Structures are given as structure tokens and as C-alpha cells.
Ligand code: UDP
Ligand code: MG
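Residue numbers (this note's numbering): 2 to 336.
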């Protein structure tokens, strides 16, 4: 399948306290948009959509400034910080009825805008989702590289289907977004959810750059949180592992009890303080771990059962006129 018409593209750019980098990258994104339009790859109604994720620095003022200067720029502001995934989601839902394709990317210049041409070509060739995949990790520290590799391995082992080395640089067609809007969960892990929506997809490879300015908002603790969210939102494999472990421990205990009975009746029983303590410790440990993991899922059910909207847009640059505002308007995550 090939497509002939020139698509309207909306670039979705989440920003959280990015006043240091936006003045550098916004002209970069705008320049890319102009080049794609000039090359006839996208319609000239295409635009940038900045999503301010409740920044506390001058980010929103900068976005308003860009929007005032250029009609190709729009911005929405979340009423508070809700995290990267929810910010991207807010942008996607805002864009879904007003374009043919969206591309989401970080605002710090790390995702190479040069890959967009190939992404759009892949869409023209029939793909509905195009995953941007980094082909090297040279620009990362050894620590980040090591933890990132573990991250993807863990996700796959735990039953979350995700594209290796793909973060959130991705082309998604409006058609996929319409289907995706029916995924109502509050705990979201976008890169694991899009493969579940289906539709033809492909990958485009790019080199991830260094952050142009400012600093990362994803320390190890947040990455671990993202992994935990991804696993417990999309997979029940950990619970299965607990069940398997439970069977195994029960079996070992049964053999242990037989052994204890035999030693008792043959009169060889000795005061076995060490073995008893060891067994108690082991069993308690396993139980605590299992309860903890089950608790994670129960917690997720609690959060999901509240059906709170996943984002609230508090401000917009310019009015959207007769267009309807998105239905969702409240917080998803709450303790
Ligand atoms: N971001 C966001 N909300 C947050 C944290 C980050 O919207 O709570 C945005 C951030 O502005 C950037 C993107 O998510 O555009 C990726 O964040 P960052 O560059 O800090 O992560 P890294 O690339 O270091 O993993
Ligand atoms: Mg970054």
C-alpha cells in the first residue's frame, strides 16, 4: 500500500522545566517543519504542539512566545506535573482529531530530527506506526548504557512486548490514535502499549544525540519506576512467577517434612536450630516478596478503579474555536 496525499503532521513535544533548552531546540523543530513542507512531504497546515508538563520555570512563557510569533506553533499546558508519559498522551489526544500523523519526540534535541523524513516515507509506504530506534548508545555513560540494557531485557522477560532501544520517538497515525483512545488505563507505558494496538508498523534507526542543554529528568529511580509501571500495567507474569515459586517451595517443604518424619521415627532427630531458622527465614522472605508483588497489582487496581482522567489541560495558546475540547480533564496518579 502506498499513500499519495500530503499528510498534516503534528509534532508532539513534552517539556518539563526546559527553559534552558527550548530556545535552542524550538527553532530546530520549526526549521525541520519548514523543510518537510518545502520538500512536499507534509501539508503546510502541519504544526508543532508543545505540551508543558506543569513546569515551574519560564517554559510556558517561552511556548506562548513561540506561538505568538509563528502560527505553526501551538501549546497546551497541564495543570501540574504528571510525568513524561502523561504529557505525551495529552499531546496525542489533543492532536488525534486534527491531523493525519503525529510524531512525538523529546524537547532536548536528543532525538535526531533527521529521522523524520524516513519515518514519513515509511508511513507513505503503508506503516501506521513507525518506531524510532537508536542504533548506538555511544553518547550515553557506561552506567546509563548498562542500566538501559537491563531495562529492556527485564521488560521482555516479564512479558511486556516492546521494541528494543525504542523510547518515545515515534510516528503514530491518527487512525491508530483513534483506536488507542479506547485504551483507558491510567497507569500508562506508551512504548509497551502501541504494539498492543496492532496495525502495520516498522522501525527507523537514528543516532541519539547528547542533550543540547539543561539536565535529564530521568535518573535511575525514575527509570526503575517506569519499568515497574510498565511491567505491572501490561503483564501478569510476575504473579505467575510467584505461583510457580509457591509450587516449588511447597514441593521442597513436602520433601523436608518427609525427611524430618523419617529422622524422627528412626530416632536420629537432633535439635536442629539452624535448619529450622533457615526454613523460617526463607519462607518469610518468599511470602513477603509475594505479598509485595501482589500488593503492587492491588494498588494498580485501586488506581484504575477510580477512573480518573489522565491529564488536565489548564491553558492553551490561542483558542481552538469550534473544535471540541478533549473529554479528559483530571489526574490519574494519586496515592
Ligand atoms: N518530561 C516531561 N515531564 C516530566 C519529565 C520529563 O514532560 O516529568 C519531558 C522532558 O522535558 C523531555 C522528555 O520528557 O522532553 C524526556 O526527558 P529527559 O530528557 O529529561 O529524559 P532522558 O532523555 O534523560 O531519558
Ligand atoms: Mg532527554
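C-beta atoms are modelled at their ideal positions from N, C-alpha and C, and glycine is treated no differently.
Quantities reported herein were computed from a predicted structural model and do not represent experimental measurements.
Straight across, the Cα-Cα distance linking residue 243 with residue 192 is about 26 Å. Remark: the shortest separation between the CB of residue 96 and any heavy atom of the ligand UDP does not fall under 7 Å.
When DSSP states are grouped into helix, strand and coil, residue 308 belongs to the coil group. For the pair residue 199 and residue 209, the Cα-to-Cα distance works out to about 26 Å.
The C-beta distance from residue 240 to residue 298 rounds to 7 Å, short enough to meet the 8 Å contact threshold. Taking the C-beta atoms as reference points, residue 130 is found nearer than 8 Å to residue 171. Close to the ligand UDP, as judged by a C-beta nearer than 5 Å to any of its heavy atoms, are the residues 15, 16, 17, 19, 54, 84, 85, 88, 107, 108, 109, 217, 218 and 219, in chain order. Taking the CA atoms as reference points, residue 234 sits about 21 Å from residue 132. Annotated as proximal: residue 134 and residue 166, with beta-carbon spacing under 8 Å. Burial state of residue 144 is exposed, judged by a 10 Å Cβ sphere holding fewer than 16 other Cβ atoms. Spatial neighbours of residue 207 in its own chain (CB-CB distance under 8 Å, excluding positions within 5 residues in sequence) are listed in chain order as 112, 113, 115, 116, 133, 134, 135, 136 and 170. Here residue 29 really is in contact with residue 110; their C-beta atoms are around 6 Å apart, less than 8 Å. The criterion of a C-beta distance shorter than 8 Å is satisfied by residue 159 and residue 238. Residue range 238 to 266 is occupied by the alpha helix (DSSP H) that includes residue 249. For residue 213, the secondary structure class from DSSP, reduced to helix, strand or coil, is coil.
Between the region 96 to 107 and the region 63 to 70, the count of C-beta pairs closer than 8 Å stays below three; the two stretches do not touch.
Here residue 287 carries a helix assignment [DSSP, helix/strand/coil]. Put simply, of 228, 57, 214 and 201 the residue whose alpha carbon is nearest the alpha carbon of residue 161 is 228. Look at residue 234 here: in three-state DSSP terms it is helix. When 174, 97 and 80 are compared, the shortest CA-CA separation from residue 122 is found for 174.
Taking one beta carbon from each stretch, the region 45 to 61 and the region 78 to 95 have 3 or more pairs nearer than 8 Å; the two touch.
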